Amino acid sequence: MISIQKIRDDKSSVAKELSKKDKSISLDNIVKSDSELRDLTKKLNDLQSEQNKQSKEIGKLKSKKSADKSVFEDLKKLSNTIKELENEQRTKSQQLRDMLLQIPNMPHKSVPIGESPIDNVISKECSSKKELKFKPKSHVDIVKDLDLIDFEIGAKISGTGFPLYKGNGALLERALINFMIDYNLKNYDYTEIFPPFLVKPGSANTTGQLPKFGEDMYHIEKDDLYLIPTAEVPLTNIHKDEILNLSDLPKYYLAYSGCFRREAGSYGKDTRGLLRVHQFNKVELVKFVHPKDSYSELESLTKQAAKILDMLDLDYRIVELCSGDLSFAASKCYDLEVWAPGEKKWLEVSSCSNFEDFQARRGNIKFRDENNKINYVHTLNGSGLATPRVLAALLETHQTKDGSISIPSSLQPYTGLAEIK
RNA sequence: GGAGGCGUGGCAGAGCGGUUGAAUGCACUGGUCUUGAAAACCAGCAAGGGUGCAAGCCCUUCGUAGGUUCGAAUCCUACCGCCUCCGCCA
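Mapping the first sequence onto our numbering, position 62 (from 1) lands on 1280, and the numbers just tick up by one.
Written out as structure tokens, the structure is:
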């Protein structure tokens, strides 16, 4: 959520920044609604003040008899007027908040301006691309030949997009998850969390999935709970409605979770194999930091995520998203894309974003700064990493001519296997 | 799922219709004392909004949302959360 104060004080520059992301955004209704609300609030405050004053007078007398009847009649009228205005105020402030929640975050000044993925900037490409001396198979064929994943049975049980991992496929998936968790825990200062996979609407609102993108999540209507699309949602809400101490920052959390996405609107895209599925596994990294540090934290977060791809001997590149390709809540974002030689595609396996105070405002997450002033924290998150596409790239990269898979050495302690055949 | 109890400031814990934004203790911050620290003593210490150069002043908030009343932390209703007991269950 963008600060209403900021919009009020400098509407044109906020609008200008927002247009880099989405040209169709208008702040006019918000400014109008804000000014109406403030007029109303002023009026209401005066009446409340009057009411308090007179009620206290009566209190001092301690006896109803000593007060004139007409005083009570007047006060009753005043009381009713106040109630009406309070109702109006409640409605208006809710309306204003609803509008504000629809406004995306502003891109950081350093973000390249652009409209679509074409304008993204490839900031680092891993050059040591391994050339295979044979025609590489797609992971779809590999998992079938080696009996690692059964898409048909998954579809029979749950529908398309719910892969069923099997035998060494299940082992490999589990190994990847454990490797990623352990690697991050060992090398950085994360606290491991095992979060709930179902969350309340308010939690999804903090991170920005709601109110605009409810259609992308699975919703349990009976209990009004959402299946998480990423562990970012529960992790970011750990400190909802809290004021952290300066000494608490930075706070780093890591969690494995299943991730559930309806992928509404993307039917027909990447339907084959592991590239786009409704349920997948991911290790997520979330940081709560001092605002002055958030951009250096974004750099280190991105490097941390990329290191995992190094460890798995995969080729990847880091992509700096342009303004138009940034997600709703992000100020700046780097994508990690891994090379899949069978698919001959770069696959997005991580998104590392700085949300600045956008999520912190929505979730009311603050800290006491060095001057004892209360301020919003900055939040960041990054996947470290999402498994299905990593698995696809891993199988395609480490396949051999005879059809077997050689397991990268970093993963072998977790699989207990050097190869799968 | 049934019965009961409870939700007050960072924590503990008073208050149960009227100058209560809220006693007291702990924690925290500043000061006195001390070579330094501890102890002791003194002082300060909720958040949000509005207004003002500022000091300040005004409004809101005692789980959440409604209601009763001139006036609610205090009374009523619903919801949420926590605890205890019973039932069911991985």
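Using N, Cα and C, we set each Cβ at its ideal position, and we do this for glycine too.
Note that this is a predicted model, so its numbers are computed, not measured.
So, is residue i buried or exposed, given that buried needs 16 or more other C-beta atoms within 10 angstroms?
| i | result |
| --- | --- |
| A1636 | exposed |
| E1588 | exposed |
| G1621 | exposed |
| N1423 | buried |
| P1631 | exposed |
| F1478 | buried |
| L1279 | exposed |
| Q1223 | exposed |
| D1575 | buried |
| Q1320 | exposed |
| A1578 | buried |
| K1584 | buried |
| P1429 | exposed |
| T1615 | buried |
| P1645 | Absent from the model: residue 1645. The displayed extent of the chain is 1219 to 1639, so no value can be given. |
| S1273 | exposed |
| V1289 | exposed |
| L1464 | exposed |
| V1339 | exposed |
| G1560 | buried |
| T1489 | exposed |
| K1234 | exposed |
| D1227 | exposed |
| I1623 | buried |
| G1581 | buried |
| K1294 | exposed |
Which same chain residues, not among the five before or five after residue i, have their C-beta less than 6 Å away from its C-beta?
| i | result |
| --- | --- |
| G1426 | F1546, A1547 |
| P1322 | K1239, F1546 |
| V1643 | The requested residue 1643 is not part of the displayed model; the chain covers only 1219 to 1639. |
| N1396 | Y1632 |
| P1509 | H1596 |
| K1550 | H1326, V1329, N1572 |
| L1443 | L1416 |
| L1503 | L1472, G1600, G1602 |
| L1296 | Q1269 |
| L1318 | M1219 |
Tell me residue i's beta-bridge partners as DSSP assigns them.
| i | result |
| --- | --- |
| H1437 | Y1444 |
| I1536 | K1342, L1554 |
| E1566 | E1555 |
| N1593 | F1585 |
| A1233 | DSSP output for A1233 lists no bridge partner at all. |
| E1637 | S1624 |
| A1604 | K1500 |
| S1514 | DSSP lists no partner for S1514. |
| S1186 | The structure shown does not extend to residue 1186, since the chain spans only 1219 to 1639, so no value can be given for it. |
| Q1320 | Looking at the DSSP assignment, Q1320 forms no beta bridge with any residue, so it has no partner. |
| Q1617 | I1623 |
Who are the Cβ neighbours of residue i in its own chain at under 7 Å, not counting the five residues just before and after it?
| i | result |
| --- | --- |
| N1534 | For the record, residue 1534 in the displayed sequence is Tyr; it is not Asn. The residues are C1344, A1524, L1527, L1554, E1555, V1556, W1557. |
| L1389 | T1633 |
| Q1266 | I1300 |
| K1282 | Reliability fails at K1282, whose pLDDT of 49 lies under 50, so the model's placement of it is uncertain and the value that follows must be treated cautiously. Answer for K1282: no residue qualifies. |
| P1413 | A1449, P1452, L1453, A1473, S1475 |
| K1342 | R1535, I1536 |
| Y1513 | N1572 |
| E1391 | Y1383, N1499, T1605, L1609 |
Which same chain residues, not among the five before or five after residue i, have their C-beta less than 8 Å away from its C-beta?
| i | result |
| --- | --- |
| Y1314 | Reading the sequence as shown, one finds Leu at residue 1314 and not Tyr. Only I1222, I1248, S1251, D1252, L1255 meet the Cβ criterion. |
| F1431 | F1546 |
| I1438 | L1416, Y1444, L1445 |
| Q1522 | N1402, N1405, Y1406, L1503, G1600, G1602 |
| K1261 | L1303 |
| D1434 | Q1427, P1447, R1479, R1480, E1481, A1482 |
| L1258 | L1303, E1306, Q1307, K1310 |
| K1355 | D1363, G1560, E1614, Q1617, G1621 |
| I1367 | V1361, P1381, L1382, Y1383, K1384, G1387, L1492 |
Along the chain, which unbroken stretches of the beta strand (DSSP E) at least 3 residues long are found entirely within the stretch 1270–1308? none
Which runs of the beta strand (DSSP E) spanning at least 3 residues fall entirely within the stretch 1445–1512, listed in chain order? 1460–1462, 1469–1478, 1497–1507
Is the stretch 1448–1462 close to the stretch 1597–1611, with three or more CB pairs under 8 Å? yes
Entirely within the stretch 1342–1422 and at least 4 residues each: give me those alpha helix (DSSP H) ranges in chain order. 1357–1363, 1369–1376, 1386–1405
Three-pair Cβ contact test at 8 Å for the stretch 1609–1616 versus the stretch 1353–1360: Yes, since at least three Cβ pairs between the stretch 1609–1616 and the stretch 1353–1360 fall closer than 8 Å, the two stretches touch.
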